[in-house]
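If you read the sequence shown in full-length UniProt numbering, its first letter stands for residue 1, the second for the next number, and so on.
Glycine included, C-beta positions come from ideal geometry on N, C-alpha and C.
So the structure is just underneath, and the comments pick up after that.
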Amino acid sequence: MIAAPLHFGTLRVMLDPSGLLWCPDSGVLAVADLHLEKASAAAARGALLPPLDSRLTLERLWRGVTRYRPRVLVAVGDSFHDRGGALRLGPGERDLLARIAGACELVWVAGNHDPEPPQGLAGVATDEFRHGGLVFRHEARAGHPPKDGEVEICGHHHPKARVTTRAGVISRPCFIADSRRAILPAFGAFTGGLDVLHPAIAGLFPRGARVFLLGQQRLFSFTLAQVRAA
């Protein structure tokens with residue numbers, strides 16, 4: 001996979017086509033919206049889904065950890081689909097999480113789906129995580145741009161974009177970022193998405209932004225204006 005650089009002033013991060021954000025200078029790897037145990041939550045409501053989401057998501061995450069070998073892995077909220085999700089993990093999924101936690105420091109940032117620390121799992125729980133000018137929080141603060149010298153890294157909105165290609169219109173998860181803020185795509189296997197033109201996302205970038213669509217091996221970059229025109 002070919003990661004794409006993104007610069008916030010002198011600070012450089014790398015956007016991975018899998019949906020991970022890598023900070024090479026500090027060894028911090030970030031991921032958003034794992035939504036582990038979404039299938040079991042749906043099953044409890046009578047909507048049967050294949051019970052594979054947590055395993056598929058954690059296997060992908062483990063591949064990212066082995067690729068980048070981070071010092072810190074920040075899970076930027078909604079790591080579990082509900083408050084009881086951590087308790088429903090199977091033994092295999094718990095082993096995968098233990099392997100991840102053994103390879104790096106694991107930080108659980110609280111989300112709206114999982115506002116409390118996951119029970120019985122390794123890692124540090126916090127409302128937000130700050131490191132080297134980056135502020136990792138689950139949801140961007142609408143109407144409140146990051147303070148001078150800070151860059152906000154968040155999730156929550158599951159951004160996706162539609163673009164026109166020679167093969168027709170495609171819709172893919174994406175990163176969206178400007179000079180002060182970046183929203184990560186949802187990483188979970190069973191997660192949906194919200195179009196970047198929706199006011200909930202576009203309103204966070206009143207001066208425009210760049211959109212990075214996830215491809216199999218690389219990212220495809222557009223301005224928000226180009227997406228709107230398409």
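(message) Tell me the rounded alpha-carbon separation between residue 296 and Thr10.
(response) The first residue shown for the chain is 1 and the last is 230, placing residue 296 beyond what the model contains.
(request) Assuming Leu20 and Val13 form a contact by the criterion Cβ under 8 Å, report the distance between their Cβ atoms to the nearest whole angstrom. (result) With a beta-carbon spacing of about 10 Å, Leu20 and Val13 fall beyond the 8 Å limit used to define contacts.
(request) Please say whether Ala4 and Ser221 have beta carbons closer to each other than 8 Å? (result) Yes.
(request) Under 7 Å Cβ to Cβ from Arg228, same chain only, skipping five residues before and after it: list those, please. (result) Taken in chain order, the residues that qualify are Leu197.
(request) Mark Thr164 as exposed unless 16 or more other C-beta atoms lie within 10 angstroms of its C-beta, in which case mark it buried. (result) It is exposed - the Cβ of Thr164 has fewer than 16 other Cβ atoms within 10 Å.
(request) Drop a sphere of 10 angstroms on the beta-carbon of His158, count the other beta-carbons inside from all chains shown, and report buried for 16 or more, exposed for fewer. (result) For His158, the number of other beta carbons within 10 angstroms of its own is at least 16, and it is reported as buried.
(message) Short of 8 Å in beta carbon distance, which residues of its chain neighbour Arg82, apart from the five on each side in sequence? Order them along the chain.
(response) Note on identity: in this sequence residue 82 is Asp, with Arg being the wrong assignment. In chain order, Glu37, Ala41, His113 and Asp114 place their CB closer than 8 Å to the CB of Asp82, counting only its own chain and leaving out the 5 sequence neighbours on each side.
(request) Using the Cα positions of Asp53 and Phe129, report the straight-line distance between them to the nearest angstrom. (result) Their backbone Cα atoms lie some 26 Å apart in a straight line.
(request) Classify Ala98 as buried or exposed, calling it buried when 16 or more other Cβ atoms lie within 10 Å of its own Cβ. (result) Classification for Ala98: exposed.
(request) Return the residue from the list Ala125, Arg218 and Arg162 that minimises the CA-CA distance to Val224. (result) The question names Val, but residue 224 is Leu in the sequence shown. In terms of CA proximity to Leu224, Arg162 leads the group Ala125, Arg218 and Arg162.
(request) Enumerate in chain order the residues of its own chain whose CB-to-CB distance from Leu87 is below 8 Å, with the five nearest sequence positions on each side excluded. (result) Taken in chain order, the residues that qualify are Gln119 and Gly120.
(message) Here's the rule I'm using: 16 or more other beta-carbon atoms within 10 Å means buried, otherwise exposed. How should Lys160 be labelled?
(response) It is buried - the Cβ of Lys160 has at least 16 other Cβ atoms within 10 Å.
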